[in-house]
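Protein chains: 2
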Amino acid sequence: MIDSGDMNGKVLFDDGEHKFVWLGTDADYRRGVVQTMQYLIIDKGRGWLLDPGGVHLFSRVVASASRLVPLDRIEGIFFSHQDPDVSSGIALWLGVTPAKIYISELWTRFLPHFGIVDASRVVPIESLGKGVSLGSGARLAFVPTHFMHSPGAFSLFDERSRILFSGDVGAAIFPEGEERLFIDDFELARPHLEGFHRRIIASNAVARRWSESVSRLSPAMIAPQHGGVFRDKAVRDFLSWLGGLRCGVDLLDELYKA
Amino acid sequence: MIDSGDMNGKVLFDDGEHKFVWLGTDADYRRGVVQTMQYLIIDKGRGWLLDPGGVHLFSRVVASASRLVPLDRIEGIFFSHQDPDVSSGIALWLGVTPAKIYISELWTRFLPHFGIVDASRVVPIESLGKGVSLGSGARLAFVPTHFMHSPGAFSLFDERSRILFSGDVGAAIFPEGEERLFIDDFELARPHLEGFHRRIIASNAVARRWSESVSRLSPAMIAPQHGGVFRDKAVRDFLSWLGGLRCGVDLLDELYKA
Numbered sequence: 001m002i003d004s005g006d007m008n009g010k011v012l013f014d015d016g017e018h019k020f021v022w023l024g025t026d027a028d029y030r031r032g033v034v035q036t037m038q039y040l041i042i043d044k045g046r047g048w049l050l051d052p053g054g055v056h057l058f059s060r061v062v063a064s065a066s067r068l069v070p071l072d073r074i075e076g077i078f079f080s081h082q083d084p085d086v087s088s089g090i091a092l093w094l095g096v097t098p099a100k101i102y103i104s105e106l107w108t109r110f111l112p113h114f115g116i117v118d119a120s121r122v123v124p125i126e127s128l129g130k131g132v133s134l135g136s137g138a139r140l141a142f143v144p145t146h147f148m149h150s151p152g153a154f155s156l157f158d159e160r161s162r163i164l165f166s167g168d169v170g171a172a173i174f175p176e177g178e179e180r181l182f183i184d185d186f187e188l189a190r191p192h193l194e195g196f197h198r199r200i201i202a203s204n205a206v207a208r209r210w211s212e213s214v215s216r217l218s219p220a221m222i223a224p225q226h227g228g229v230f231r232d233k234a235v236r237d238f239l240s241w242l243g244g245l246r247c248g249v250d251l252l253d254e255l256y257k258a
Numbered sequence: 001m002i003d004s005g006d007m008n009g010k011v012l013f014d015d016g017e018h019k020f021v022w023l024g025t026d027a028d029y030r031r032g033v034v035q036t037m038q039y040l041i042i043d044k045g046r047g048w049l050l051d052p053g054g055v056h057l058f059s060r061v062v063a064s065a066s067r068l069v070p071l072d073r074i075e076g077i078f079f080s081h082q083d084p085d086v087s088s089g090i091a092l093w094l095g096v097t098p099a100k101i102y103i104s105e106l107w108t109r110f111l112p113h114f115g116i117v118d119a120s121r122v123v124p125i126e127s128l129g130k131g132v133s134l135g136s137g138a139r140l141a142f143v144p145t146h147f148m149h150s151p152g153a154f155s156l157f158d159e160r161s162r163i164l165f166s167g168d169v170g171a172a173i174f175p176e177g178e179e180r181l182f183i184d185d186f187e188l189a190r191p192h193l194e195g196f197h198r199r200i201i202a203s204n205a206v207a208r209r210w211s212e213s214v215s216r217l218s219p220a221m222i223a224p225q226h227g228g229v230f231r232d233k234a235v236r237d238f239l240s241w242l243g244g245l246r247c248g249v250d251l252l253d254e255l256y257k258a
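Line order of the protein sequences matches chains A and B. So the first sequence is residues 1 to 258, counted in my numbering. So the second sequence is residues 1 to 258, counted in my numbering.
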């Protein structure tokens with residue numbers, strides 16, 4: 001269970017001018033709908049939202065975010081990839097904030113299918129090089145996450161807080177009533193994420209490449225879009241497990257059985 | 001150029017009780033938005049729509065489809081995968097038709113992020129076995145297309161017309177003014193589809209597996225969601241090329257360059 005005091009959000013890092021905040025959850029979520037986690041980085045009073053989610057979450061997330069930063073000071077919205085649970089709220093977010101949208105260049109031509117018209121507000125991540133600097137000097141680094149699962153995906157590493165926002169990677173689907181905000185023991189969480197990772201990551205070759213590159217960043221936390229936030233030893237245990245996972249096209253005979 | 005007589009659609013197969021129809025295109029499409037192709041199967045007066053597309057296409061596609069079959073006789077909507085250009089119109093389509101939505105079970109929990117609530121109208125394709133029979137006895141077969149690109153994707157083979165609807169596989173992006181409905185010479189189309197396929201298909205292992213299984217079906221046409229419809233020899237040439245393509249995680253060093 002998530003502590004009732006945390007339902008409306010939790011500050012994961014705060015050094016006075018730079019914060020990384022989890023935006024909370026619903027007390028009564030909808031059955032049959034995969035749950036998502038939203039995060040907000042606030043740096044010297046300006047905000048970046050990470051995968052703020054689909055249409056049906058919009059009212060809750062906009063309320064949570066606006067308690068922490070005025071909407072007209074949200075300057076960036078990061079989309080790890082193109083899935084509906086990540087990006088279908090895009091037109092609403094463009095309407096209530098002046099933010100630019102950052103997503104892999106593979107998807108910039110697809111987003112208008114949600115009804116957006118102002119292409120000048122959609123920025124391909126590849127065009128930015130390896131990251132961006134915020135007002136305080138803190139850096140956000142874009143970490144290639146292609147084929148984990150989406151062919152065009154990025155994670156975002158907040159160098160100041162040392163928190164990696166990983167999109168679908170690390171996503172756990174907890175049984176009802178067993179949701180938790182933090183994962184401190186990877187082995188306890190593994191049954192709730194093993195099937196998903198085996199099924200959606202393209203192959204061990206890419207899982208190993210990603211986990212090696214993330215290990216070099218030595219993140220304090222890994223914060224995925226679903227499930228719980230990995231801390232400390234659970235970060236290392238998760239990366240070590242992921243690097244050895246057989247998945248996706250490694251299991252082609254299961255997927256393409258005659 | 002697409003013949004002006006074909007802009008409003010083209011019947012690709014018709015034996016009197018079973019039709020496979022391409023639903024046409026816009027005379028002046030929007031720059032910077034990837035173009036999509038929509039198809040309708042009509043069998044004894046009942047319809048199946050294939051990847052009817054995102055929100056901004058809805059009014060055109062609903063007009064095209066309703067000229068051919070009453071909307072209340074559209075009983076199935078097939079989604080090859082979960083991308084926004086395929087599925088973001090789902091709530092609108094559920095509103096104007098009594099159709100059920102057919103999509104890989106991997107995505108049924110994600111679709112509610114578009115705002116849908118009636119889960120009883122979303123059917124996981126895996127639960128149906130290998131296909132469905134229509135009123136005339138004609139069969140639609142579901143062809144696994146996982147990791148081409150989406151981890152949960154299907155093509156649909158209309159056994160009567162021998163037309164394979166392939167979703168993103170075979171998608172070409174023609175330069176403006178060079179769009180065409182049919183691809184009869186694969187070599188002429190190849191430059192417009194090579195980059196896309198190298199980038200989004202997970203690996204040669206899966207490309208080869210898919211092209212072998214589709215070759216066994218011996219389709220008369222392959223109709224993708226973008227680009228042009230392959231006919232006759234171009235079908236075989238495309239499948240042969242695809243089976244040998246190095247792509248996705250085969251090119252990990254390009255994707256994950258340091």
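Ideal Cβ placement from N, Cα and C applies to all residues, glycine included. Every value quoted in this text rests on a predicted model; they were computed, and no experiment measured them.
Could you name the residues that DSSP lists as bridge partners for residue i?
i              : result
Y102 (chain B) : B:F78, B:V123
M148 (chain A) : A:I201
F260 (chain B) : One cannot answer for residue 260 (chain B) here, as it falls past the ends of chain B, which runs 1 to 258.
R139 (chain B) : B:S133
F238 (chain B) : Answer by DSSP bridge pairing: none, since F238 (chain B) is not bridged.
Between the C-alpha atoms of residue i and residue j, what's the straight-line distance to the nearest angstrom?
i              : j              : result
I201 (chain B) : L181 (chain B) : 23 Å
V143 (chain A) : R46 (chain B)  : 48 Å
E194 (chain A) : L245 (chain A) : 9 Å
F238 (chain A) : G170 (chain A) : 8 Å
F220 (chain A) : Y102 (chain A) : Reading the sequence as shown, one finds Ala at residue 220 (chain A) and not Phe. Looking at the two C-alpha atoms, the distance is approximately 24 Å.
A65 (chain B)  : Q225 (chain B) : 16 Å
A63 (chain B)  : V206 (chain B) : 37 Å
E159 (chain A) : L140 (chain A) : 6 Å
H56 (chain A)  : R231 (chain B) : 42 Å
H18 (chain A)  : I163 (chain A) : 12 Å
H192 (chain A) : G135 (chain B) : 42 Å
W107 (chain B) : V122 (chain B) : 10 Å
V21 (chain A)  : I74 (chain A)  : 14 Å
E187 (chain A) : A172 (chain A) : 12 Å
G228 (chain B) : F110 (chain B) : 29 Å
A153 (chain B) : I222 (chain A) : 29 Å
R198 (chain B) : G248 (chain B) : 6 Å
I77 (chain A)  : G95 (chain B)  : 31 Å
R208 (chain A) : L242 (chain A) : 7 Å
The alpha helix (DSSP H) spanning residue i covers which residue range?
i              : result
P84 (chain A)  : 84 to 87
I200 (chain A) : 194 to 200
A223 (chain A) : Per DSSP, A223 (chain A) belongs to no alpha helix (DSSP H); it is in the beta strand (DSSP E), 221 to 224.
F58 (chain A)  : 58 to 68
W93 (chain A)  : 90 to 96
D6 (chain B)   : Unbroken run through D6 (chain B): none, as it is neither H nor E.
L188 (chain B) : 186 to 189
E179 (chain A) : E179 (chain A) -> no alpha helix (DSSP H), and no H or E assigned at all.
Please classify residue i: is it buried, with 16 or more other beta-carbons within 10 angstroms of its beta-carbon, or exposed?
i              : result
V11 (chain B)  : exposed
M148 (chain A) : buried
P151 (chain B) : buried
D51 (chain A)  : buried
M37 (chain A)  : buried
L128 (chain A) : exposed
R216 (chain B) : exposed
Terminal residues of the continuous beta strand (DSSP E) containing residue i?
i              : result
G131 (chain A) : 131 to 133
W48 (chain A)  : 46 to 50
Can you tell me whether residue i is helix, strand or coil according to DSSP?
i              : result
L12 (chain B)  : strand
S155 (chain A) : strand
S166 (chain A) : strand
K233 (chain A) : helix
I173 (chain B) : coil
F110 (chain B) : coil
G248 (chain A) : helix
S213 (chain B) : helix
R208 (chain A) : helix
R160 (chain B) : coil
D253 (chain B) : helix
L26 (chain A)  : It should be noted that the sequence gives Asp, not Leu, for residue 26 (chain A). DSSP places D26 (chain A) in coil when its eight states are reduced to three.
May I ask whether a heavy atom of the ligand PLP can be found less than 7 Å away from the beta carbon of residue i?
i              : result
D232 (chain A) : Although the ligand PLP was asked about, the structure shown includes no ligands whatsoever.
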